[in-house]
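Colleague: Residues in the sequence shown are numbered from 3 upward in steps of one, following the working numbering.
Here a beta-carbon is modelled for each residue, glycine too, at the ideal position from N, C-alpha and C.
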Amino acid sequence: MKKEFDFLKNIPNDPGNLIKGLQLLQATEGYISEDGIRAAAEYFGRPEADVEGVVSFYAQFKRVKPGRFQISVCDGTACHLKGAPLIHEWLNQELNLKPGETAPDGVFSLETVACLGCCSLAPVMSVNGKVHGKLDRKTMMKILKEYAAK
(Lines of atoms letter the chains of each structure in order from A and count residues from 1; the text may use other names and numbers.)
(Lines give C-alpha, C1' and ligand atoms only; values in the text may rest on other atoms or scores of the structure.)
Protein backbone atom coordinates (compact mmCIF):
# COMPACT_ATOMS: atom_id res chain seq x y z
CA MET A 1 0.00 0.00 0.00
CA LYS A 2 1.35 3.43 -0.92
CA LYS A 3 2.49 5.55 1.99
CA GLU A 4 -0.04 8.26 1.05
CA PHE A 5 -2.81 5.87 2.13
CA ASP A 6 -1.32 5.02 5.55
CA PHE A 7 -4.25 6.83 7.19
CA LEU A 8 -6.33 3.69 6.47
CA LYS A 9 -4.40 2.02 9.28
CA ASN A 10 -6.54 4.06 11.69
CA ILE A 11 -9.33 1.56 10.95
CA PRO A 12 -9.03 -2.15 11.73
CA ASN A 13 -8.47 -3.99 8.42
CA ASP A 14 -11.44 -6.30 8.89
CA PRO A 15 -13.33 -6.54 5.55
CA GLY A 16 -16.48 -5.42 7.42
CA ASN A 17 -14.85 -2.00 7.79
CA LEU A 18 -14.52 -1.45 4.04
CA ILE A 19 -17.24 1.23 3.92
CA LYS A 20 -15.65 3.10 6.84
CA GLY A 21 -12.34 2.93 5.01
CA LEU A 22 -13.87 4.24 1.80
CA GLN A 23 -15.54 7.08 3.71
CA LEU A 24 -12.15 8.00 5.20
CA LEU A 25 -10.55 7.81 1.75
CA GLN A 26 -13.16 10.15 0.31
CA ALA A 27 -12.93 12.55 3.25
CA THR A 28 -9.16 12.71 2.72
CA GLU A 29 -8.98 12.80 -1.10
CA GLY A 30 -12.36 14.38 -1.87
CA TYR A 31 -13.27 11.37 -4.00
CA ILE A 32 -12.30 7.71 -4.50
CA SER A 33 -9.38 7.53 -6.94
CA GLU A 34 -8.08 4.46 -8.79
CA ASP A 35 -5.14 4.41 -6.38
CA GLY A 36 -7.62 4.63 -3.51
CA ILE A 37 -9.51 1.59 -4.84
CA ARG A 38 -6.25 -0.37 -5.05
CA ALA A 39 -5.15 0.72 -1.56
CA ALA A 40 -8.51 -0.21 -0.01
CA ALA A 41 -8.52 -3.58 -1.79
CA GLU A 42 -5.03 -4.35 -0.54
CA TYR A 43 -5.63 -3.12 3.00
CA PHE A 44 -8.99 -4.85 3.50
CA GLY A 45 -7.97 -8.02 1.65
CA ARG A 46 -10.68 -7.74 -1.01
CA PRO A 47 -10.44 -7.94 -4.81
CA GLU A 48 -10.41 -4.53 -6.53
CA ALA A 49 -13.63 -5.48 -8.34
CA ASP A 50 -15.39 -5.95 -4.98
CA VAL A 51 -14.23 -2.54 -3.76
CA GLU A 52 -15.30 -0.92 -7.03
CA GLY A 53 -18.68 -2.65 -6.66
CA VAL A 54 -19.20 -1.11 -3.22
CA VAL A 55 -18.13 2.33 -4.45
CA SER A 56 -20.46 2.20 -7.46
CA PHE A 57 -23.39 0.88 -5.39
CA TYR A 58 -23.47 3.69 -2.83
CA ALA A 59 -24.33 7.17 -4.11
CA GLN A 60 -22.30 8.77 -1.30
CA PHE A 61 -19.05 7.81 -3.04
CA LYS A 62 -17.67 10.00 -5.80
CA ARG A 63 -15.33 8.70 -8.49
CA VAL A 64 -14.67 12.09 -10.09
CA LYS A 65 -12.18 14.45 -8.48
CA PRO A 66 -14.12 17.51 -7.34
CA GLY A 67 -13.33 20.97 -8.61
CA ARG A 68 -11.79 23.65 -6.43
CA PHE A 69 -15.32 25.09 -6.12
CA GLN A 70 -18.05 22.49 -5.62
CA ILE A 71 -21.46 23.73 -6.72
CA SER A 72 -24.47 21.94 -5.22
CA VAL A 73 -27.84 22.81 -6.71
CA CYS A 74 -30.83 22.06 -4.52
CA ASP A 75 -33.60 20.15 -6.27
CA GLY A 76 -35.98 19.82 -3.33
CA THR A 77 -39.64 20.56 -3.94
CA ALA A 78 -39.50 24.32 -3.27
CA CYS A 79 -36.33 24.82 -5.30
CA HIS A 80 -37.57 22.65 -8.13
CA LEU A 81 -40.82 24.60 -8.37
CA LYS A 82 -39.02 27.94 -8.15
CA GLY A 83 -36.42 27.27 -10.82
CA ALA A 84 -33.79 24.62 -10.01
CA PRO A 85 -34.08 23.18 -13.55
CA LEU A 86 -33.26 26.66 -14.92
CA ILE A 87 -30.26 26.92 -12.60
CA HIS A 88 -28.96 23.64 -14.05
CA GLU A 89 -29.61 24.84 -17.58
CA TRP A 90 -27.74 28.12 -17.00
CA LEU A 91 -24.83 26.35 -15.30
CA ASN A 92 -24.61 23.96 -18.22
CA GLN A 93 -24.63 26.85 -20.69
CA GLU A 94 -22.00 28.81 -18.76
CA LEU A 95 -19.70 26.04 -17.51
CA ASN A 96 -20.58 23.20 -19.89
CA LEU A 97 -21.15 20.96 -16.87
CA LYS A 98 -23.81 18.44 -16.02
CA PRO A 99 -24.39 17.08 -12.50
CA GLY A 100 -21.58 14.75 -11.49
CA GLU A 101 -18.99 16.43 -13.70
CA THR A 102 -15.90 18.52 -13.04
CA ALA A 103 -14.66 21.14 -15.48
CA PRO A 104 -11.47 20.16 -17.35
CA ASP A 105 -9.62 23.06 -15.72
CA GLY A 106 -10.60 21.72 -12.27
CA VAL A 107 -12.18 24.99 -11.14
CA PHE A 108 -15.84 23.95 -10.79
CA SER A 109 -17.70 20.72 -10.19
CA LEU A 110 -21.46 20.33 -10.15
CA GLU A 111 -23.86 18.12 -8.26
CA THR A 112 -27.56 18.00 -7.55
CA VAL A 113 -28.67 17.54 -3.95
CA ALA A 114 -32.07 16.63 -2.58
CA CYS A 115 -32.30 19.56 -0.18
CA LEU A 116 -30.08 22.26 1.27
CA GLY A 117 -32.64 23.16 3.96
CA CYS A 118 -33.17 26.73 2.76
CA CYS A 119 -36.63 26.46 1.24
CA SER A 120 -37.52 30.08 1.96
CA LEU A 121 -34.57 31.16 -0.24
CA ALA A 122 -35.49 28.95 -3.22
CA PRO A 123 -34.01 28.41 -5.70
CA VAL A 124 -30.73 27.76 -3.92
CA MET A 125 -27.23 26.57 -4.69
CA SER A 126 -24.18 26.30 -2.48
CA VAL A 127 -20.54 26.72 -3.41
CA ASN A 128 -18.18 24.87 -1.08
CA GLY A 129 -20.97 24.92 1.49
CA LYS A 130 -21.79 28.63 1.28
CA VAL A 131 -25.47 29.01 0.41
CA HIS A 132 -26.67 31.43 -2.27
CA GLY A 133 -30.42 31.86 -2.53
CA LYS A 134 -33.20 33.58 -4.46
CA LEU A 135 -31.21 32.91 -7.61
CA ASP A 136 -31.90 34.29 -11.02
CA ARG A 137 -29.56 34.15 -14.00
CA LYS A 138 -27.92 37.51 -13.28
CA THR A 139 -27.23 36.66 -9.63
CA MET A 140 -25.91 33.22 -10.52
CA MET A 141 -23.54 34.68 -13.14
CA LYS A 142 -22.22 37.22 -10.63
CA ILE A 143 -21.54 34.43 -8.11
CA LEU A 144 -19.71 32.32 -10.72
CA LYS A 145 -17.53 35.26 -11.75
CA GLU A 146 -16.62 35.97 -8.12
CA TYR A 147 -15.47 32.38 -7.56
CA ALA A 148 -13.70 32.11 -10.92
CA ALA A 149 -11.66 35.22 -10.04
CA LYS A 150 -10.35 33.61 -6.82
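Please report how far the alpha carbon of Lys-136 lies from the alpha carbon of Gly-78, in whole angstroms.
Modeller: Taking the straight line joining both Cα atoms gives about 14 Å.
Colleague: Name, in chain order, the residues that DSSP records as bridge partners for Ile-73.
Modeller: Bridge partners of Ile-73: Leu-112, Val-129.
Colleague: Nearest-angstrom Cα distance between Gly-102 and Asp-8?
Modeller: If you take the alpha carbons of Gly-102 and Asp-8, they lie about 28 Å apart.
Colleague: Comparing alpha-carbon positions, which option in Lys-140, Cys-117, Tyr-45, Leu-24 lies nearest Phe-63?
Modeller: Ranking Lys-140, Cys-117, Tyr-45, Leu-24 by Cα distance to Phe-63 puts Leu-24 first.
Colleague: Find the nearest neighbour of Tyr-33 within the set Ala-51, Pro-17, Val-126, Arg-65, judged by alpha-carbon distance.
Modeller: Measuring from the Cα of Tyr-33, the nearest candidate turns out to be Arg-65.
Colleague: Threshold first: 4 residues or longer. Then list the alpha helix (DSSP H) segments lying entirely within the segment 27-77, N to C.
Modeller: Listed in chain order, they are 36-46, 50-59.
Colleague: On a CA-only basis, which of Ile-21, Ile-13, Lys-144 is nearest Asp-52? Give me that one, please.
Modeller: Of Ile-21, Ile-13, Lys-144, the residue nearest in Cα terms is Ile-21.
Colleague: Ordered along the chain, which non-local residues of its own chain (more than five positions away) have a Cβ less than 7 Å from that of Leu-99?
Modeller: Cβ within range, chain order: Leu-93, Ala-105, Phe-110, Leu-112.
Colleague: With distances taken from CA atoms, which of Gly-55, Gln-72, Lys-140, Leu-26 is nearest Val-115?
Modeller: Closest by alpha carbon: Gln-72.
Colleague: Just curious, the alpha helix (DSSP H) that Glu-91 is in, first and last residue?
Modeller: Start and end: 86-97.
Colleague: Is Cys-81 near Val-126, with beta carbons less than 7 Å apart?
Modeller: Closer than 7 Å, so yes.
Colleague: Hey, would you say Pro-157 sits closer than 7 Å to Phe-46, going by beta carbons?
Modeller: Because the chain here runs from 3 to 152, residue 157 falls outside it and cannot be looked at.
Colleague: Would you kindly work out how many angstroms separate the C-alpha atoms of Tyr-149 and Arg-40, rounded to a whole number?
Modeller: If you take the alpha carbons of Tyr-149 and Arg-40, they lie about 34 Å apart.
Colleague: First and last residue of the alpha helix (DSSP H) that includes Ala-150?
Modeller: 139-150 is the span of the alpha helix (DSSP H), which, as asked, contains Ala-150.
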